[in-house]
Amino acid sequence: MKDKLLLHVCCAPCSMYVINQLLAKFDLTVYFFNPNVWPEEEYLKRLAEIKNFCNSRKMNYLEFDYQPTDWFKFIKGYETEPEKGFRCDLCFLYRLSKTAEYAKANNFDWFSTTLTMGRQKQSFKILETGRKVENKFKIKFWDQDFKKEFGTQISDWLAKQMKLYKQDYCGCLFSMKG
Ligand code: SF4
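Be aware that the sequence shown starts at 12, since it is given in the working numbering, and climbs by one per residue.
If you want it as structure tokens, here you go:
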């Protein structure tokens, strides 16, 4: 029997490649936990794409109502940080902590995230955060940098083939253009 892994996903284009990589190794459950995304309409669009994909592959997924308030509280004081700054470090910490907490409470063996796929994201920071969270919640973190070995390029190609919705900003209010 395969180990159970809870995979935090940020959006469909980043997730397909990661899911394809992990499916052979793990019994996967997809976890769409992204209260950072603004506004709600955008959140629902990203969620809908993930759900379509999971349904088409008959995969388990977990979704949540849109609840951005606690995320805004968590990053308070760092709203004006540039992308890749401390606001993003907190954003990774928030989402990965919630993922690990859920995984631990629900008898998963591992947790991981698609966040390293983002072009603008520094993978080492995400992996560092994942390892800290692993220690705190005592659940194993699958620390693969999915950008490597042409992960981003393959994922872009897959997203185009499937005509997936691809956002033009990271997600939060402060990363929106103009
Ligand atoms: S830019 Fe992206 S990673 Fe950084 S805080 Fe906003 S949503 Fe989170």
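We treat Cβ as the ideally placed atom computed from N, Cα and C, and that holds for glycine.
Please classify residue i as buried or exposed, where buried requires at least 16 neighbouring CB atoms within 10 angstroms.
i: Lys8; result: The structure shown does not extend to residue 8, since the chain spans only 12 to 189, so no value can be given for it.
i: Glu60; result: buried
i: Arg106; result: buried
i: Thr80; result: exposed
i: Trp121; result: buried
i: Asn71; result: exposed
i: Ser67; result: exposed
i: Asn47; result: buried
i: Gly162; result: buried
i: Asn146; result: exposed
Could you pull out every residue in the same chain whose Cβ sits closer than 7 angstroms to the Cβ of residue i, ignoring the five residues on either side in sequence?
i: Leu184; result: Trp49
i: Lys177; result: Pro24, Ala170
i: Asp156; result: Thr127, Ser134, Leu138
i: Lys149; result: Lys115
Residue i bridges to which residues according to DSSP?
i: Tyr42; result: His19, Leu73
i: Ser123; result: Leu18
i: Phe37; result: Asp14
i: Phe152; result: Phe122
Among the options, whose alpha-carbon lies nearest the alpha-carbon of residue i?
i: Lys136; options: Leu104, Gln172, Met187; result: Leu104
i: Lys158; options: Lys115, Glu90, Asp167; result: Asp167
i: Tyr77; options: Glu51, Lys69, Phe64; result: Glu51
i: Glu160; options: Cys22, Met12, Tyr28, Lys13; result: Tyr28
i: Met12; options: Gln32, Lys36, Cys22; result: Lys36
i: Thr140; options: Phe44, Ser123, Arg130; result: Ser123
i: Phe44; options: Ser186, Met187, Gly182, Leu33; result: Gly182
i: Lys188; options: Gly88, Arg57, Pro93; result: Pro93
Residues in the same chain with beta-carbon distance under 6 angstroms from residue i, minus the five sequence neighbours each way, listed in chain order, please.
i: Ile86; result: Arg98, Leu101
i: Val144; result: Leu107, Ser108, Ala111
At which residues does the alpha helix (DSSP H) containing residue i begin and terminate?
i: Thr91; result: Here Thr91 belongs to no alpha helix (DSSP H), and DSSP marks it neither H nor E.
i: Tyr54; result: 51-67
i: Leu175; result: Looking at the DSSP string, Leu175 is not in any alpha helix (DSSP H), and its letter there is neither H nor E.
i: Arg106; result: 97-116
i: Lys159; result: Where Lys159 is concerned, there is no enclosing alpha helix (DSSP H), given that its DSSP letter is neither H nor E.
i: Lys84; result: 80-85
Please work out which residues of its chain come closer than 8 angstroms, Cβ to Cβ, to residue i, disregarding the five sequence neighbours upstream and downstream, and give them in chain order.
i: Val41; result: Leu18, Val20, Ser26, Ile30, Ile61, Cys65, Met70, Asn71, Tyr72, Leu73
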